[in-house]
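Read through the structure below, which is laid out as structure tokens, and then see the notes.
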Amino acid sequence: MAKLYDAISSNKRNSVVLVIAFIIIALGLSYFLGFFFANAFVGLIFGIIFIIIMMLIGFYGGDSLILSMHHAKEVSKKEDPYLVNTIEGLSLAAGIPVPKIYIIKENSPNAFATGRDPQHASITVTSGLREIMDRQELEGVIAHEMSHIKNFDIRYMMLVTILAGVVVLISDFILRSFLWGGARSHDRKSGGIGIALILIGLLLAILSPIVAQLIKLAASRQREYLADVSGTMLTRNPQGLANALKKIRDAKDKIVDDANKATAHLFIENPLRGLGGMNELFSTHPDINSRIKRLEEM
Numbered sequence: 000m001a002k003l004y005d006a007i008s009s010n011k012r013n014s015v016v017l018v019i020a021f022i023i024i025a026l027g028l029s030y031f032l033g034f035f036f037a038n039a040f041v042g043l044i045f046g047i048i049f050i051i052i053m054m055l056i057g058f059y060g061g062d063s064l065i066l067s068m069h070h071a072k073e074v075s076k077k078e079d080p081y082l083v084n085t086i087e088g089l090s091l092a093a094g095i096p097v098p099k100i101y102i103i104k105e106n107s108p109n110a111f112a113t114g115r116d117p118q119h120a121s122i123t124v125t126s127g128l129r130e131i132m133d134r135q136e137l138e139g140v141i142a143h144e145m146s147h148i149k150n151f152d153i154r155y156m157m158l159v160t161i162l163a164g165v166v167v168l169i170s171d172f173i174l175r176s177f178l179w180g181g182a183r184s185h186d187r188k189s190g191g192i193g194i195a196l197i198l199i200g201l202l203l204a205i206l207s208p209i210v211a212q213l214i215k216l217a218a219s220r221q222r223e224y225l226a227d228v229s230g231t232m233l234t235r236n237p238q239g240l241a242n243a244l245k246k247i248r249d250a251k252d253k254i255v256d257d258a259n260k261a262t263a264h265l266f267i268e269n270p271l272r273g274l275g276g277m278n279e280l281f282s283t284h285p286d287i288n289s290r291i292k293r294l295e296e297m
């Protein structure tokens, strides 16, 4: 148990470091974007303002946007008393407020948690998951998502999603400004130093989105392992979650229709895994068989 808490604490410290790293990358790109238009300082100020605005929008409205994107519908106790009672019971065990409960009409079995803290959180399950899970399996899935809420993973992943998006947007601006000729115009005024800085900026613009995605993947995969383990601390039944993951793995319909690369890391299992190719290589989740094996060995 002590090792689990140490891992969670370490993960939280790493989260702060990674968020700072994302901000530094975004500000560095903003500097070069400004340099391309002859004023690096203005670019830096633009980056700071842009990051603050995007983080505020995501922090206070990101969960509503995600739920809307997936056409999630809030569930009342009258509509699904067992699901609501299960979440209420596990919330009590976890010592956090009861999150809002949503369902997506989707055959692929999956679930995710979102929000900014335990007081402003929600858990969403697909109708496919609700239909095929027995009591212990459903409890395992809900406990996993509850752990993401309790450990503030939902806040971190929201921030990472926003900052990764900012990095991609600014990188795209830099590349477009180069194609539009703004960089070449500035290059003629700045001489050799200008050429060097432009080349550095272009290199950062190309590599930064890749680095941001790799950081996002590594952090997401580690959090899934920790949520598996800490979730079983709530149910005292690792086999329940293991069996749930087996059903998710073996489901005929593996793709959540409204999921995309920006939200894939939120789900209990990669909602794009059925697409193959690069979606498997850059999966936001650890190998599901490895997760099942770890749970069965507990």
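Just so you know, numbering that gives the first Met the number 0 puts 20 at position 21 of the sequence shown, and the rest follows in order with no gaps. A virtual CB, placed ideally from N, CA and C, is assigned to each residue, including glycine.
Looking only at DSSP bridge pairs, what is residue i linked to?
i: H147; result: Bridge partners of H147: none, in fact.
i: F266; result: F111
i: I122; result: I100 and A112
i: K72; result: I102
Less than 8 Å between C-beta atoms, sequence neighbours within five positions excluded: which residues of the same chain meet that for residue i?
i: L233; result: L89, A92, A93, A142, M145 and S146
i: S126; result: I102, I103, K104, E105 and N106
i: K246; result: P108, I131, M132 and E136
i: D257; result: M68, H69, H70, I103 and E105
Considering just the uninterrupted stretch of the beta strand (DSSP E) at residue i, what are its terminal residues?
i: D116; result: A110 to D116
Starting from residue i, trace the alpha helix (DSSP H) both ways and give me its first and last residue.
i: S289; result: I287 to E295
i: K246; result: P237 to D249
i: I254; result: Where I254 is concerned, there is no enclosing alpha helix (DSSP H), given that its DSSP letter is neither H nor E.
i: S67; result: A39 to M68
i: T86; result: The sequence shown places Ile at residue 86, not Thr. Segment P80 to A93, the alpha helix (DSSP H) holding I86.
Among the options, which one has its Cα closest to the Cα of residue i?
i: I95; options: S75, H119 and N84; result: H119
i: L151; options: A263, I103 and F58; result: According to the sequence shown, residue 151 is Phe rather than Leu. For F151, the nearest C-alpha among the options comes from F58.
i: V124; options: L17, V255 and M53; result: V255
i: P108; options: S282, E136 and F36; result: E136
i: V18; options: G164, T262 and I131; result: G164
i: L294; options: G230, R12 and A211; result: G230
i: A71; options: A110, L43 and F49; result: A110
i: F266; options: N236, R235 and A226; result: A226
i: D252; options: M54, R272, N259 and H264; result: R272
To which residues of the same chain is residue i closer than 7 Å at the C-beta, ignoring the five residues directly before and after it?
i: D286; result: none
i: I56; result: none
i: P208; result: V166, V167 and S170
i: T85; result: L137, E138 and I141
Closer than 6 Å by C-beta to residue i: which residues in its own chain qualify, once you throw out the five before and the five after it? Chain order, please.
i: R187; result: At R187, the pLDDT of 47 sits below 50, so the modelled position is not reliable; the number obtained from the coordinates is stated separately. Excluding positions up to five away in sequence, the list is empty.
i: L162; result: F21
i: P80; result: none
Does the contact criterion of 3 or more C-beta pairs under 8 Å hold for the segment 213–230 versus the segment 148–167? yes
Between the segment 68–78 and the segment 20–28, do three or more beta carbon pairs fall short of 8 Å? no
Stretch pair the segment 26–37 + the segment 165–179: three plus CB contacts closer than 8 Å: yes
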